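**Student:**
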Amino acid sequence: MLSNIFKNASNIIGRRNYFSSSRLSLHRMPPPPNKLKLDGIDRIIAVSSAKGGVGKSTSAVNIALGLSSEGKSVGILDADIFGPSIPLMMDLKGQRPYTNENNLMIPLINYGIKCMSMGFLVEDEDALVWRGPMVMGALEKLLKQVDWGHLDYLVIDLPPGTGDAILTICQRVPLSGAVIISTPQDVALLDAVRGVKMFGQVGVPIIGIVENMSHFDCPHCHEKSFIFGADGAKNTAKKMGINYLGDVPIQLEIRETSDSGKPITVTKPESSSSLIYKQISKQIIKELDQITEHNKPPSITVE
């Protein structure tokens, strides 16, 4: 087979007048890196949006808190190196983690959630002007040099897009599944579809899709306005054969509580939006149970 590739490539190049002779070399690609062994963490959930500005970090925080409200031990890792939001949203801005006797960082804790972010390690307004290898090194540090203890769930707030940072996490972290966040508008859904396909290519199961900013409930007339279109994520989920986890409306109080570091699922646990996030979290638990059951090796009984 290789000889045919060489022959055909040489014939094509030879038909051009660019070269008097040609030489083709093939190199074996290096194997993908081994998965990190993260002891004590039962399940790892990636929260992703292939497009920025759709409310991914807000969703990740409230999903983590929703899982915690189900009695689960939860951590959240802010892997958005260039735009870390977790310190602000979890009211931990300006704080720094300590290290233990093994030189591992101890996550900061608020609202019962263990938190780690590059935002804890740099000044608040510093711009991280880093090239690819530095970003990869920072992600490795956040992944390997943190003492999480035991967690039922680790939620990873991924950077937007489908670039090197996300691929590194998919290759290095034993992800249990991914939750896709999208708004209903077509331009966001196009990127969401790309994200779903990317996870499929690297073997990460899709837990489901959440439609954020689905509609606006007018506080005066109580009518719904579908600012970005109606049911876009729901229709996309159906078309792609993935689970639709729910929709979250545009609400002033979601934005205000996120910006103040007091997430709505904490400050207003009985509000309609909090109940939606909690229901989404329950759906995630259910879907992960099914994924885990499906991936179980067959049992063999010898009599």
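In my numbering, the protein residues as written are -3 to 299.
Positions of the beta carbon are idealized from the N, C-alpha and C atoms, including for glycine.
Since we're looking at a predicted model, the values are computed, not measured.
Can you tell me which of the three DSSP states V198 falls into?
**Tutor:** coil
**Student:** Looking at C-alpha atoms only, which residue of H211, P170, L186, T158 is the closest neighbour of L139?
**Tutor:** P170
**Student:** CA-CA distance, I205 and D160?
**Tutor:** Distance between I205 and D160, taken at the CA atoms: about 22 Å.
**Student:** I need the straight-line Cα distance from H290 to E283, nearest angstrom please.
**Tutor:** 10 Å
**Student:** For A44, which of helix, strand or coil comes out of DSSP?
**Tutor:** Just to set this straight, residue 44 is Ser in the shown sequence, not Ala. Correct three-state label for S44: strand.
**Student:** Quick check: the segment 66 to 84 against the segment 179 to 193, are there 3 or more CB pairs under 8 Å?
**Tutor:** no
**Student:** Mapping the DSSP letters down to three states, classify M25 as helix, strand or coil.
**Tutor:** Per-residue confidence for M25 stands at a pLDDT of 49, beneath the threshold of 50, marking its modelled position as unreliable; the derived number appears in the next sentence. Three-state DSSP puts M25 in coil, outside helix and strand.
**Student:** So, do the segment 54 to 74 and the segment 140 to 151 have three or more beta carbon pairs nearer to each other than 8 Å?
**Tutor:** yes
**Student:** Taking the C-alpha atoms as reference points, what is the distance between I72 and P215?
**Tutor:** 33 Å
**Student:** Rounded to a whole number of angstroms, what is the C-alpha to C-alpha distance between P265 and T54?
**Tutor:** 15 Å
**Student:** Counting C-beta neighbours from all protein chains within 10 Å, is the total for T95 16 or more, i.e. buried, or is it exposed?
**Tutor:** Under this definition T95 is an exposed residue.
**Student:** Excluding the five sequence neighbours on either side, which residues of its own chain have a C-beta within less than 8 Å of the C-beta of V200, listed in chain order?
**Tutor:** For V200, the CB contacts under 8 Å within the same chain, skipping 5 residues up- and downstream, are A42, C166, L171, G173, A174 in chain order.
**Student:** Could you give the DSSP three-state label for S178: helix, strand or coil?
**Tutor:** S178 carries a strand assignment under DSSP once its states are collapsed to helix, strand and coil.
**Student:** Find out if the Cβ-Cβ distance for the pair G191, A46 is shorter than 9 Å.
**Tutor:** yes
**Student:** Between which two residues does the beta strand (DSSP E) harbouring V70 extend?
**Tutor:** In the DSSP annotation of this structure, the continuous segment of the beta strand (DSSP E) that includes V70 starts and ends at 70 to 74.
**Student:** Classify M85: buried if its beta carbon has 16 or more other beta carbons within 10 angstroms, exposed otherwise.
**Tutor:** buried
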